[in-house]
Amino acid sequence: MQRQFFRALVVQTLIPFFLLYLPLITMLCAPILMASLHKIDILIQFAFVFYPILDPIAVLMIVRDYRRAIKSFFVEQLFERTVRILRCCLPWLISEDGAITPPAAHVTASGFPRYIY
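The number in the working numbering is simply the position in the sequence shown, starting from 1, with 15 added.
This is the structure we're talking about:
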């Protein structure tokens, strides 16, 4: 566990270096060196924006217990939503008696069958 936290700390140290300090140094040195930043300007802006997003995500992905908790949360939520959708849209598919029969079709005035759930 300590090794995982150490790795997370190292990554949290490297992320600001690459996403904040290196682009900032590039922006400050470009006018001195008469360099044009028109082509990499958008990358520098994205680097500044992604720092607050990537910093906590790195910790959550490196530490195993955090990663497992996130995975179980999303899997549980996905399963729960899937069951809720099936119960709402296809109640005949999940019935107490186990019968898998669609509801009776009601014929509309145009002659096409219409299923009522």
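In this text, a Cβ means the ideal position worked out from N, Cα and C, and glycines have one as well.
CA-to-CA distance, residue j to residue i, given in whole angstroms
i    : j    : result
Y81  : L43  : 38 Å
F88  : L58  : 33 Å
F23  : R102 : Checking the sequence shown, residue 23 turns out to be Ala, not Phe. If I take the Cα positions, the gap works out to 42 Å.
I100 : I85  : 22 Å
I157 : V98  : With the chain running from 16 to 132 in the structure shown, residue 157 is simply not present.
A50  : R83  : 46 Å
V25  : V64  : 20 Å
L93  : L75  : 20 Å
L52  : A45  : 7 Å
F32  : E91  : 36 Å
R96  : L48  : 56 Å
F61  : P67  : 11 Å
Terminal residues of the alpha helix (DSSP H) in which residue i lies
i    : result
F144 : Absent from the model: residue 144. The displayed extent of the chain is 16 to 132, so no value can be given.
M42  : 37 to 47
T23  : Looking at the sequence itself, residue 23 is Ala, so the reference to Thr does not match. Run containing A23: 17 to 31, per the alpha helix (DSSP H) assignment.
Cβ-Cβ separation, residue j to residue i (assumed contact under 8 Å), whole Å
i   : j   : result
L69 : L37 : Wrong, their Cβ atoms sit about 14 Å apart, outside the cutoff.
I40 : A73 : Actually they do not touch by this definition, with Cβ atoms about 22 Å apart.
R79 : Q19 : 6 Å
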